[in-house]
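Accompanying notes for the structure given below.
Following this line, the structure appears as structure tokens:
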């Protein structure tokens, strides 16, 4: 199987660092090796002289610096990865699945990534298909589910099914619930133990997976993500999740009671007004920019790579929407996992 270009670049850079380390250690050994004639054969100064003393101090600093690099190898690898570039959704396909032993897949729970899908816009239909491919490698053990109506092309539905997705025909659900709310209905399914709500035009990512793992390990009932300066709502429509029964009420009933189902941002206003008061009592929130506004927020567990945005919008060619990354200013120090994570 061909390796992603980014992986090859990372290995080349890693080998370069290794050669650099070995080379400096060799030089350090030569400099500190006692000469046979009582002279420092490198600096031309007698042993014990001030010149030789200074040279040993310099070498010591070099060795200390190299040891620091080795001790901080994880940061070095992350830095190399950032320079080499992040994997695209297509690159992720070259990752082997079925080898996960941590909380993301080590479970008997039924776990669902829930989407709403309507219409034939390729931005959403292509995104839906690509997410059914990504979930196998990024979140093994999870299944994608799409709440759809008759406006979605049949060939798209067929492809989603072929990729293992569950399809729920919205015509089977009564009550006149608007399309942007369909994906929330997964919370009512008693056969689903854990769910996350996502947008069809975003892409699942490894950064997202690591945050979901922390949520699972925390034992909290709900998960909320805010990864962009514009994620300044209590809850974003496609960036939250929960566990079975935690709402305490039927999501379908809560939605039906909401007065404005078709207005712009109606889903987020609904979440903020109706669902957030429940979620707030028992949740984990990962955030990059608004940790001061939401004091319970914790930083994302991994450094942002190539200004990737969880919940970011992609077109049908897997290209991120122009302008979104330009808004990524330096993250407040309080919101960072590590001071060096300038962009979260």
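Residue numbers (this note's numbering): 146 to 489.
Positions of the beta carbon are idealized from the N, C-alpha and C atoms, including for glycine.
Option nearest residue i by Cα separation, candidates the options
| i | options | result |
| --- | --- | --- |
| residue 248 | 392, 362, 324 | 362 |
| residue 392 | 352, 340, 442 | 340 |
| residue 350 | 414, 364, 370 | 370 |
| residue 305 | 269, 382, 359 | 269 |
| residue 303 | 326, 316, 271 | 271 |
| residue 372 | 255, 299, 476, 365 | 476 |
| residue 253 | 365, 338, 408, 334 | 338 |
| residue 444 | 467, 417, 485 | 485 |
| residue 471 | 307, 313, 379, 374 | 374 |
| residue 277 | 307, 296, 395 | 307 |
| residue 435 | 462, 478, 426 | 478 |
| residue 383 | 364, 417, 389, 390 | 417 |
| residue 364 | 420, 299, 427, 296 | 427 |
| residue 438 | 377, 449, 461, 462 | 377 |
| residue 295 | 313, 279, 309 | 313 |
| residue 298 | 460, 448, 266, 462 | 266 |
| residue 389 | 424, 356, 380 | 424 |
| residue 446 | 356, 279, 300 | 356 |
| residue 422 | 460, 380, 280, 309 | 380 |
| residue 480 | 460, 301, 440 | 440 |
Beta-carbon proximity check, residue i vs residue j, cutoff 8 angstroms
| i | j | result |
| --- | --- | --- |
| residue 386 | residue 367 | yes |
| residue 343 | residue 260 | yes |
| residue 360 | residue 429 | yes |
| residue 331 | residue 315 | no |
| residue 326 | residue 406 | yes |
| residue 348 | residue 275 | yes |
| residue 442 | residue 456 | no |
| residue 333 | residue 395 | yes |
| residue 345 | residue 411 | no |
| residue 324 | residue 263 | yes |
Cut-off 6 angstroms between Cβ atoms - residues of its own chain near residue i, not counting five sequence neighbours on either side
| i | result |
| --- | --- |
| residue 240 | Any reading at residue 240 must be qualified, since the residue scores a pLDDT of 40, below 50, and its modelled position is unreliable; the value itself is stated next. Closer than 6 angstroms at the Cβ level, and outside the excluded window around residue 240, lie 282. |
| residue 520 | Summary: the structure shown does not reach residue 520, with the chain confined to residues 146 through 489, and so no result is reported for it. |
| residue 500 | Outside the modelled stretch of the chain, which goes from 146 to 489, sits residue 500, for which no answer is possible. |
| residue 458 | 346, 466 |
| residue 301 | 270 |
Close Cβ partners of residue i (< 8 angstroms) along its chain, the five nearest in sequence each way excluded
| i | result |
| --- | --- |
| residue 311 | 257, 288, 289, 290, 291 |
| residue 354 | 249, 283, 284 |
| residue 322 | 315, 330, 397, 400, 401, 406 |
| residue 454 | 372, 373, 465, 469, 470, 473 |
| residue 195 | Reliability of the predicted coordinates at residue 195 is poor, the pLDDT of 37 falling under 50, and the value obtained from them is presented with this limitation in mind. If we look at residue 195 and ignore the five residues flanking it on each side, it has no Cβ neighbours. |
Cβ-based neighbour list, residue i, same chain, cut-off 7 angstroms, excluding 5 preceding and 5 following
| i | result |
| --- | --- |
| residue 336 | 255 |
| residue 461 | 267, 268, 271 |
| residue 419 | 399, 403 |
| residue 309 | 277, 288 |
| residue 189 | Caution is warranted here: a pLDDT of 31 is assigned to residue 189, below 50, making its placement in the model unreliable, and no coordinate value can be reported. |
| residue 202 | Any reading at residue 202 must be qualified, since the residue scores a pLDDT of 43, below 50, and its modelled position is unreliable; no value is offered. |
Cutoff 8 angstroms: residue i Cβ touching any chain D Cβ
| i | result |
| --- | --- |
| residue 465 | You won't find chain D in this structure, because it holds only one protein chain. |
Sequence ranges, beta strand (DSSP E) only - wholly within the segment 354 to 413, length at least 3: 367 to 371, 384 to 388
Within the segment 282 to 347, ranges of the beta strand (DSSP E) (whole runs, at least 3 residues): 287 to 293, 311 to 314, 339 to 343
Whole runs of the alpha helix (DSSP H) within the segment 424 to 477, excluding any shorter than 4 residues: Taking 4 residues as the shortest admissible run, the segment 424 to 477 contains no complete alpha helix (DSSP H) segment at all.
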